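The first sequence begins at 1 in the numbering used here and counts up one residue at a time. Where a beta carbon is used, it is the ideal one built from N, C-alpha and C, also for glycine. These numbers were taken from a predicted model, which means no experiment stands behind them. Reviewing the structure listed below.
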Amino acid sequence: MSKSRLQPPRGTRDFYPEDLRRRDWLFGHFRAVARRFGFEEVDAPILEHEGLFTRKAGEEILEQLYRFELHDRRLALRPEMTPSIARMVIARAGSLRLPLRWFTVTQNWRYERMTRGRKREHYQWNMDIWGEPAVTAEAELIAAVFALLDAVGLARPDVRVRISSRALLEETLVQGTVLRDRPEAFPALCVAIDKFERIGEDGVRELLTDPDGSVGIGEADASFVVSWLGLRKLEDSAEHVPAGSPAYADLRRLFELLDAYGLADRVVFDASIVRGLAYYTGIVFEAFDAARSLRALCGGGRYDRLLESLGGPSIPAVGFGFGDVVILELLSDRERLPECPRRLDAVVFALGEAERPSAIRIATALRRERNWSVELVLGASRLKRVLADADRAGARFLYLLGPEEAARGEVLVRDLESGEQTTEPISD
RNA sequence: GUGGGCGUAGCUCAGUCGGUUAGAGCGCCAGGUUGUGGCCCUGGAGGUCGGGGGUUCAAUUCCCCUCGCUCACCCCA
Numbered sequence: 001m002s003k004s005r006l007q008p009p010r011g012t013r014d015f016y017p018e019d020l021r022r023r024d025w026l027f028g029h030f031r032a033v034a035r036r037f038g039f040e041e042v043d044a045p046i047l048e049h050e051g052l053f054t055r056k057a058g059e060e061i062l063e064q065l066y067r068f069e070l071h072d073r074r075l076a077l078r079p080e081m082t083p084s085i086a087r088m089v090i091a092r093a094g095s096l097r098l099p100l101r102w103f104t105v106t107q108n109w110r111y112e113r114m115t116r117g118r119k120r121e122h123y124q125w126n127m128d129i130w131g132e133p134a135v136t137a138e139a140e141l142i143a144a145v146f147a148l149l150d151a152v153g154l155a156r157p158d159v160r161v162r163i164s165s166r167a168l169l170e171e172t173l174v175q176g177t178v179l180r181d182r183p184e185a186f187p188a189l190c191v192a193i194d195k196f197e198r199i200g201e202d203g204v205r206e207l208l209t210d211p212d213g214s215v216g217i218g219e220a221d222a223s224f225v226v227s228w229l230g231l232r233k234l235e236d237s238a239e240h241v242p243a244g245s246p247a248y249a250d251l252r253r254l255f256e257l258l259d260a261y262g263l264a265d266r267v268v269f270d271a272s273i274v275r276g277l278a279y280y281t282g283i284v285f286e287a288f289d290a291a292r293s294l295r296a297l298c299g300g301g302r303y304d305r306l307l308e309s310l311g312g313p314s315i316p317a318v319g320f321g322f323g324d325v326v327i328l329e330l331l332s333d334r335e336r337l338p339e340c341p342r343r344l345d346a347v348v349f350a351l352g353e354a355e356r357p358s359a360i361r362i363a364t365a366l367r368r369e370r371n372w373s374v375e376l377v378l379g380a381s382r383l384k385r386v387l388a389d390a391d392r393a394g395a396r397f398l399y400l401l402g403p404e405e406a407a408r409g410e411v412l413v414r415d416l417e418s419g420e421q422t423t424e425p426i427s428d
């Protein structure tokens, strides 16, 4: 009882200094890449009104919502970032200059069963572009994903992005026979076929044809949808899609653009990618390790109607979420996790209490004037011990102040890497 | 939710076919004299062997229950 209370709840993590240094290393790359692409960072509360997340397309994400009621208010921990950002965009829609490039690095919560690469609390890097209807936005985002993968040291062939388009499927189904009479069933159909890899062909068929389900199409139509998921070449879809399909042209254009980014060999068309969230409307994509030994590293797509559905203006948008858990697993598998040792510029040590005021002045000056990270030895300690600790803390210099130095108005500066010792005058 | 694996020192783990004071490595602390680190040497602290119950002369070891961790499946990102 008392012992289990001392453990973090299941699916959550404590971050000790060494863990946090590694996390900062990863987040540092998230932020650096986003800034390199001209994105600005934003943040929002981890707590939102439950209603911001509730949609009706059978998405599993809603069953996994951490929700509670407090003083008659129904609240939830954010399971993903997009709705919060959408809320922020709506609030200032009138004054925002589009296209808008925003990114976040946030903690998100989903109550789900644990497996490798999946936790209940995780961090997610999010990049979104608001107000750009062209696939130039998708291309830029996918390029950012690869920039991150390069930055953290993953070999180029290690990760592949699979791309598809809900719009392509939607056009095909609505202008064809399958959903001609009920285009509103499309989001639910996407949620159903997103389960393809898990429940297989028969499972999807069952979901699609269930007369009491939210899709309810016929056997032949379900067969068409299932066969569609098997497409791995964009050209192969051509015979099914309507003539002059804008979605088809968009995909073609996206692959051309990605070629210009030098990413042609790292992206593939894959019709089985649809994503589990109901709000996607156009291009969707997911990144996987080439061996497919892990879950998706990231996923994203276009959601041109989300803002409207939340009661805001119509602003097209595209974005992705990139979790911290799977990438760290992959880096660990590939032995690409960096050491991230502790770093300190200096340790300042007064040999006796008489020298302490001077030591304090030295530490203060180093912190203030050189902006150094300085550890001041607080208690009485033997020099031997101080040196060993300074070494372990990754300190560059030891500032040693004893009676001899104090008498000369100096401080001894030992370079802990070279062992070289010099003196600096004490200036106050 | 189903099934497997595992819970022994702060960490990683050995071990006990049931039997004296339960071990190692790393880490931690102290020392190898007086103001010089990383190496080495010596010593030390630290464990109700996850918890409860049962079998037994005797349980960390066997059995049952329980809690926790973990992996896979299920399901989702």
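Taking residue i as the reference, give the member of the options with the closest Cα.
i: S165; options: A354, Y279, A290; result: Y279
i: A393; options: Q7, E18, R302; result: E18
i: G38; options: R361, D128, F15; result: D128
i: P9; options: L100, Y111, E80, R78; result: Y111
i: A86; options: R67, R74, D43; result: D43
i: W109; options: L65, E171, W125; result: L65
i: G323; options: I90, D150, S237, L297; result: L297
i: R160; options: A143, E170, L173; result: A143
i: L331; options: Y16, R13, L26; result: L26
i: A264; options: V89, R156, R22; result: R156
i: P45; options: F53, Y16, R78; result: R78
i: Q107; options: R97, S95, G94, H122; result: H122
i: T281; options: S214, L189, E339; result: L189
Buried or exposed, going by whether 16 or more other CB atoms sit within 10 Å of the CB of residue i?
i: G409; result: exposed
i: T115; result: exposed
i: H71; result: exposed
i: E404; result: exposed
i: D202; result: exposed
i: A290; result: exposed
i: P316; result: buried
i: P83; result: buried
i: E353; result: exposed
i: Q421; result: exposed
i: S2; result: In this predicted model, S2 has a pLDDT of only 40, less than 50, meaning its place in the structure is not dependable enough to derive any value.
i: K384; result: exposed
i: P187; result: buried
i: H49; result: exposed
i: A350; result: buried
i: S309; result: exposed
i: G262; result: exposed
i: S427; result: exposed
i: K233; result: exposed
i: S245; result: buried
By DSSP, does residue i sit in helix, in strand, or in coil?
i: P99; result: coil
i: Y123; result: strand
i: T106; result: strand
i: G321; result: strand
i: L294; result: coil
i: L251; result: helix
i: R266; result: helix
i: R10; result: coil
i: T82; result: helix
i: V326; result: helix
i: R205; result: helix
i: R87; result: helix
i: E170; result: helix
i: D259; result: helix
i: R275; result: coil
i: S2; result: Note that S2 scores 40 on pLDDT, short of 50, meaning its location in the model is unreliable; the coordinates nonetheless yield the value given after this. Looking at S2 - three-state DSSP - the assignment turns out to be helix.
i: D43; result: coil
Residue i lies in the alpha helix (DSSP H); which residues open and close that run?
i: E308; result: 306-309
i: T364; result: 356-369
i: L229; result: 219-229
i: D19; result: 17-36
i: A145; result: In the sequence under discussion, the amino acid at residue 145 is Val, which differs from the Ala named in the question. First-last of the alpha helix (DSSP H) with V145: 136-151.
i: V215; result: Counting along the chain, V215 falls outside any alpha helix (DSSP H), and DSSP gives it neither H nor E.
i: S237; result: 234-237
What does DSSP give as the partner residue(s) for residue i in the beta ladder?
i: V284; result: S164, G301
i: E69; result: R74
i: A350; result: L401
i: W130; result: L100, A317
i: L376; result: V348
i: A93; result: Answer is none; A93 lacks a bridge partner.
i: T115; result: R118
How would you write the range of the beta strand (DSSP E) that residue i sits in, first residue to last?
i: N48; result: Going by the sequence as given, residue 48 is Glu instead of Asn. Element bounds for E48: 47-49.
i: P425; result: 421-425
i: R414; result: 410-415
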